[in-house]
Amino acid sequence: MPAPSDKITVLDIRDSDLDLGVVYDAVRDDEAGGIAIFVGTVRRHDNGLGVDGLGYTAHPTAAEALREVAAEVAGDESVIKVAAAHRTGDLGIGDIAVVVAVSAAHRGQAFASCRRLIDELKGRVPIWKHQVFSDGSDEWVGTP
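Under our numbering, read the sequence shown as residues -5 to 138, first letter to last.
In structure tokens:
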């Protein structure tokens, strides 16, 4: 059985557009019966307020934290491959902010592991969101 780190195919935190096809291709495998992908996009509203745009900032330790989260998910023997990419910088409405994907032998395993990957990423990787609202106010999300 491959080591968890050998199952991680893409880990990326960057300030340029994310390519869904690259992440999908990174988890494709002939042993996989299921691939689950989560794509997080910038929505036009949050908590009843209109959103004009937002920016993401990553702490210097974010890449290592992402590697730890991915390795934990990849440690499940049912997982075949894991990939995750997150944007930083300024994003507009509809832009892709994050893409995570997991392949597994069966769809249920792929869904559960993909959900775990995005939930742990959002909870533990120090990437912070600065939202700018239509009324001129703003908000930081996820900061310590």
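From the three backbone atoms N, C-alpha and C, an ideal C-beta is built for every residue, glycine too.
Buried versus exposed, by CB contacts within 10 Å (16 or more), residue i
| i | result |
| --- | --- |
| E25 | exposed |
| A68 | buried |
| T55 | exposed |
Three-way DSSP call (helix, strand, coil) for residue i in this model
| i | result |
| --- | --- |
| I112 | helix |
| D9 | coil |
| G117 | helix |
| A104 | helix |
Enclosing alpha helix (DSSP H) for residue i [first to last residue]
| i | result |
| --- | --- |
| G15 | 14 to 21 |
| S(-1) | -2 to 1 |
| K65 | The sequence given here has Ala at residue 65, not Lys. Counting along the chain, the alpha helix (DSSP H) containing A65 begins and ends at 56 to 68. |
Identity of the residues DSSP links to residue i by a beta bridge
| i | result |
| --- | --- |
| D40 | L43 |
| A125 | Per the sequence presented here, residue 125 reads as Gln, with Ala not at that position. DSSP lists L48, E133 as partners of Q125. |
| G83 | Y50 |
Sequence-distant residues of the same chain with beta carbon closer than 8 Å to residue i, five excluded per side
| i | result |
| --- | --- |
| G44 | R38, F127, S128, D129 |
| L5 | A57, L60, R61, A64, A77, A78, A79 |
Own chain, CB closer than 6 Å to residue i, minus 5 neighbours either side, in chain order
| i | result |
| --- | --- |
| V92 | G34, H80 |
| F32 | V94, C108, I112 |
| G27 | A99, H100 |
Residue interval of the beta strand (DSSP E) (run including residue i)
| i | result |
| --- | --- |
| A98 | 90 to 98 |
| G34 | 28 to 35 |
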